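If you're matching them up, the sequences are chains A and B in order. Counting along the first sequence from 1, when you hit position 16 you're at 16 in the working numbering, and nothing is skipped either side. Take the position in the second sequence, starting the count at 1, then add 1000; the result is the number in the working numbering. Ideal Cβ placement from N, Cα and C applies to all residues, glycine included. None of these values were measured; they are calculated from a predicted model. In what follows, a structure is listed as structure tokens, so that the remarks can point back to it.
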Amino acid sequence: MGIKKVGTKSQTIIEKIFFLDFMKGLSTTIKHLFKRTITVTFPYEILEPTIRFRGVHGLRNVDGTEADDFMSWIKKLKIKPPEKGETRCIACKFCQAACPVPELFTIKAEKLNVPEDHPHHGLKILAVFDMDLSKCMFCGLCTQACPTDCIIHTDIYDLSSYTRRNWVLNKEMLSQIADDFIARRGKEKFDEKSKWREDQTVWPLHEEDLKIRAKLWDGNIPQLGPNYYDQSDKTTN
Amino acid sequence: MSWISVEKAEKLKQKFENLTIEENNGYLTVETPKENLINLLKTLKEDPEYQFKMFIDFTIIDHDTKSNPRFQGVYILYSPQYKERIIIKTWAINEELPTLTTLWTGAKWAEREAYDMFGIKFEGHENLVRMFMWENYPYYPLRKDFPLKGYEEVELPSLNEEERGDQLEGLFNYSRMHTAIPTLQDLEITQKARMPKKSSQIVLNWGPLHPGTHGTIWFLFDLDGEYVQKCDIIIGQLHRGVEKIAENIGYQQFIPYTDRMDYIASINENHAYVIAAEKLMDIHDKIPEKAKWIRTLMAELSRINSHLLWLGTYALDLGALTMFLYTFREREKIMDIFEGITGARFTINYFRIGGVFADLPYGALDAIESFIKELPKRVDDYERLLTRNRIWVSRNKDICVITEEDVYDYGLTGAVARASGVPYDLRKIDPYDMYTEVDFDIPVGDKGDSYDRYLVRMEEIRQSSKIVHQCIEKLRKFSKNDPYFFQSEDPKKLKISIDGRGMKLPQGEVYASTDNPRGELGFYIFNKKAGIKPYRVRIRSGAFYNLQIFTKAIIGRPIADAITLLSTLDPVVGETDR
Ligand code: SF4
Ligand code: SF4
């Protein structure tokens, strides 16, 4: 078992008289004086959050990239088969069950009011989906529980508001947020089956963003390469 | 390895009657009648065959109102000689227990906490007052019959209510009732109770909201001129009842709450908890190697992150502002890496019982490698600025010495213990994850003054970066298809999921701890029967016990040293208060 004693010698007379300790310290500060600034001047420069960033939630709509078992879930929960552009949520409440603060969700499904001979008779649709984000911990457990990849985290982080009620998002707002996000950055994060892409990068590789991020990394941002021996090299775009 | 053997425990039976010894997955508990408790503990402490000199933790289990006797005390001790732990249990007849402070002074706060949370009285305790709550508070929150949301009695109108009056519907209708809050009078009474016999005319209050206290800690100093005669600390301003929450929530669901304890090193908090739960399920050895390496890597990065924050604020407090800017620059890079890997910068929630929730993203190892290559140079830079600087030396050397005796007595752990010459490092003593495979040294000091604590932490940063290097090297050898999450062979018997739904943990108990930047963080999980929620979770907080030594080490020192001492103890209020 390695044990390492720490300790330093006390100052020598020469060190004391010539203030060598201060000189050495000053050399560090002077060296830093000529270094580049590392501060990102928000809001003039905005650093894009990373791909996995856990920001404000969104509810994804049906867009043809559902997982293969999507329809079987719809059947299982007796939900009206959604058209393109309608929500993927099947009101299964798995997200609520996985959430450490379950009371922040209000999820309700409603029976469709159609005559008996209508093909959708007896099926349900999602009626209410409210999330009170003031209680949310942004832990990501809900997104991992969702069987239809409906609830996702987006990259929105500024959700300050004057009243607490503004933090309660309903299903229209959540869908809107998700649609915007998917249009903006969906390709980076999800594959064709709405799962997390295998080759998500540790940070976004867009030109402008890298330029800002390089500041934070002292002007020399590391080149990204594969982690594991059998991972293919991702050519930067 | 780190628990006392059955044979050795059986030997105790020769000396003491009515002992029950129970073995549970290698964790050994000894139950004794209350009358024998003190004698037994004394023997354990002093007998050369046992030498359980170090106090680790004390807590209470509430066996519900129907059980008689209702409360059970649990003592955890450690023997530095034999590197073993032991758990002693005893029933608190009539809600009373003998005090342990005669044997270990450090039990003082633990007993006050037990009194505060469970209402257990301790015969012979010198000043049994509340620990977290204020003096007039009428309830005992961790008792099973105390409701999760508290007794709602005080109205605090929210902004919505101010705006909309009574027109609140649906989700906007926030619960108006809140739990009790102390009045100014209550606080005054609390303050008097904490320091009943003051000798000087004024008691100096420091905090609770003072930048130097790094959070909401309220110090009381009884001064003689500039010198501290007596000191006590009022904590609890950030007390959220994390242990109570744990009893009412699923296992994976609790992990985000541990993030909010020691928020500076939230990865390490997650780590301790998942390891305890894995040990209770008996799957810790079966966790995929890749997950274990990732966890080791992340935990060490987080330790570096935490130590950088410590160094920055510590130097800032002692007047070296530049240091703060330098360390925050390095810290930002770690945060950036964390954000890329886990999706969050601060409250990370990346580990799961069974592994981690996702594999490393493309390029993560390169980013970490490039950071960690630079780091030792930067640490040299910091040291050049501080270590030999005469102002720094005179403000740290020989200041607030903590002796080896204190370490055992108060249950000090982490860098504070190591600076006093005790090589207590759980990564070596009770290795978890991949710490058996990596090579690193434990830095120890010899005097135990503030300067040693500084040097030890600086060396820890270097050692951590050494570990990170090794982790990266090992991780490179894995395939991208290797699993990062535990797969149960028989999901019917043992279901384990990333999101935690439907997860059950077996009946039993476990104490497992990890070496956090702030000392030993231990989780004691007690499960009466298998279920989706734990019956009792006790969190042994390193910062809590380390903070306790403040009240002793500051005695006789000028008030200016309080800053140095507090910074070198490095408590985080989220963890002390829980
Ligand atoms: S992020 Fe966590 S706290 Fe927020 S809604 Fe999802 S599960 Fe609940
Ligand atoms: S888990 Fe997904 S599908 Fe189920 S209720 Fe939540 S958002 Fe809807």
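Chain-order list of residues whose beta-carbon lies under 7 angstroms from that of residue i (same chain, five-residue window excluded)
| i | result |
| --- | --- |
| residue 219(A) | 36 |
| residue 1287(B) | 1278, 1354, 1355, 1486 |
| residue 1236(B) | 1131, 1132, 1133, 1577 |
| residue 237(A) | Only weak support is given to the placement of residue 237(A): the predicted model assigns it a pLDDT of 43, under 50, and the question is left unresolved by the model. |
| residue 1574(B) | 1238, 1260, 1261, 1262, 1263 |
| residue 16(A) | none |
| residue 110(A) | 124, 125, 127 |
| residue 1136(B) | 1186, 1189 |
| residue 1271(B) | 1295, 1299, 1351, 1514 |
| residue 73(A) | 90, 147, 148 |
Extent of the continuous alpha helix (DSSP H) to which residue i belongs
| i | result |
| --- | --- |
| residue 1426(B) | 1426-1429 |
| residue 242(A) | An answer regarding residue 242(A) cannot be provided, because it is not within the stretch 1 to 237 covered by chain A. |
| residue 1354(B) | Counting along the chain, residue 1354(B) falls outside any alpha helix (DSSP H), and DSSP gives it neither H nor E. |
| residue 1471(B) | 1450-1476 |
| residue 1551(B) | 1550-1553 |
| residue 1363(B) | Looking at the DSSP string, residue 1363(B) is not in any alpha helix (DSSP H), and its letter there is neither H nor E. |
| residue 1274(B) | 1266-1281 |
| residue 153(A) | It is not in any alpha helix (DSSP H) - residue 153(A) instead sits in the beta strand (DSSP E) that spans 151-153. |
| residue 1307(B) | 1289-1317 |
Residues of its chain near residue i, where Cβ-Cβ distance is below 6 angstroms and the 5 sequence neighbours each way are ignored
| i | result |
| --- | --- |
| residue 1436(B) | none |
| residue 1320(B) | none |
Short Cβ contact (7 angstroms threshold) for residue i with residue j
| i | j | result |
| --- | --- | --- |
| residue 1106(B) | residue 1411(B) | yes |
| residue 1450(B) | residue 1396(B) | yes |
| residue 1517(B) | residue 4(A) | no |
| residue 137(A) | residue 1534(B) | no |
| residue 58(A) | residue 177(A) | yes |
| residue 1075(B) | residue 1058(B) | yes |
| residue 1418(B) | residue 1515(B) | no |
| residue 1330(B) | residue 1308(B) | yes |
| residue 1104(B) | residue 1406(B) | no |
| residue 1144(B) | residue 1062(B) | yes |
| residue 28(A) | residue 1386(B) | no |
| residue 1465(B) | residue 230(A) | no |
| residue 1508(B) | residue 1024(B) | yes |
Whole-number beta carbon distance between residue j and residue i, since they are thought to touch under 8 angstroms
| i | j | result |
| --- | --- | --- |
| residue 1276(B) | residue 1510(B) | 6 angstroms |
| residue 197(A) | residue 190(A) | 6 angstroms |
| residue 1505(B) | residue 1543(B) | Going by Cβ atoms, the distance from residue 1505(B) to residue 1543(B) rounds to 26 angstroms, so no, they are not a contact pair. |
| residue 47(A) | residue 209(A) | 7 angstroms |
| residue 1060(B) | residue 1071(B) | 5 angstroms |
| residue 224(A) | residue 1363(B) | 3 angstroms |
First and last residue of the uninterrupted beta strand (DSSP E) at residue i
| i | result |
| --- | --- |
| residue 1097(B) | 1096-1098 |
| residue 28(A) | From DSSP, residue 28(A) is part of no beta strand (DSSP E) but of the alpha helix (DSSP H) over 20-33. |
| residue 126(A) | 124-132 |
| residue 73(A) | Per DSSP, residue 73(A) belongs to no beta strand (DSSP E); it is in the alpha helix (DSSP H), 70-76. |
| residue 1054(B) | 1054-1062 |
| residue 1205(B) | 1203-1206 |
| residue 108(A) | 105-111 |
Cutoff 8 angstroms; reference residue i; Cβ partners in own chain excluding five residues on either side
| i | result |
| --- | --- |
| residue 83(A) | 62 |
| residue 9(A) | none |
| residue 1482(B) | 1288, 1289, 1290 |
| residue 1098(B) | 1034, 1037, 1038, 1122, 1123, 1124 |
| residue 1200(B) | 1222, 1223, 1224, 1229 |
| residue 1347(B) | 1256, 1259, 1260, 1263, 1266 |
| residue 96(A) | 102, 105, 107, 142 |
| residue 1502(B) | 1495, 1532 |
Interface residues of chain E facing residue i [CB-CB closer than 7 angstroms]
| i | result |
| --- | --- |
| residue 139(A) | Looking at the structure shown, chain E is missing, and the protein chains on hand are A and B. |
* **Given 8 angstroms, three or more beta-carbon pairs between the stretch 1488-1499 of chain B and the stretch 140-152 of chain A** => Yes, they touch.
* Asked: Does the pairing of the stretch 1013-1033 of chain B with the stretch 1089-1098 of chain B give three or more beta-carbon distances under 8 angstroms?
  -> They touch, by the three-pair rule.
* Flag this pair as touching only if the stretch 95-102 of chain A and the stretch 1248-1255 of chain B have three or more C-beta atom pairs under 8 angstroms; answer yes or no. => Result yes; three or more Cβ-Cβ pairs closer than 8 angstroms.
* Would the stretch 1182-1190 of chain B and the stretch 1280-1297 of chain B be scored as touching if the rule is three or more Cβ pairs under 8 angstroms? -> The stretch 1182-1190 of chain B vs the stretch 1280-1297 of chain B: no contact.
* Can we say the stretch 1554-1561 of chain B touches the stretch 1294-1306 of chain B, given the rule of at least three CB pairs closer than 8 angstroms? -> The stretch 1554-1561 of chain B vs the stretch 1294-1306 of chain B: no contact.
* **the stretch 1328-1346 of chain B touching the stretch 108-128 of chain A, judged by at least three CB pairs closer than 8 angstroms** => Taking a contact to require three or more Cβ pairs closer than 8 angstroms, the stretch 1328-1346 of chain B and the stretch 108-128 of chain A do not qualify as touching.
* Asked: Between the stretch 10-27 of chain A and the stretch 110-122 of chain A, do three or more beta carbon pairs fall short of 8 angstroms?
  -> Flag = no, the stretch 10-27 of chain A and the stretch 110-122 of chain A do not touch.
* Cβ pair count under 8 angstroms reaching 3, the stretch 61-76 of chain A against the stretch 86-98 of chain A -> They touch, by the three-pair rule.
* **Touching by the beta-carbon criterion (3+ pairs, under 8 angstroms), the stretch 1556-1572 of chain B and the stretch 1448-1465 of chain B** => Segments in contact, yes.
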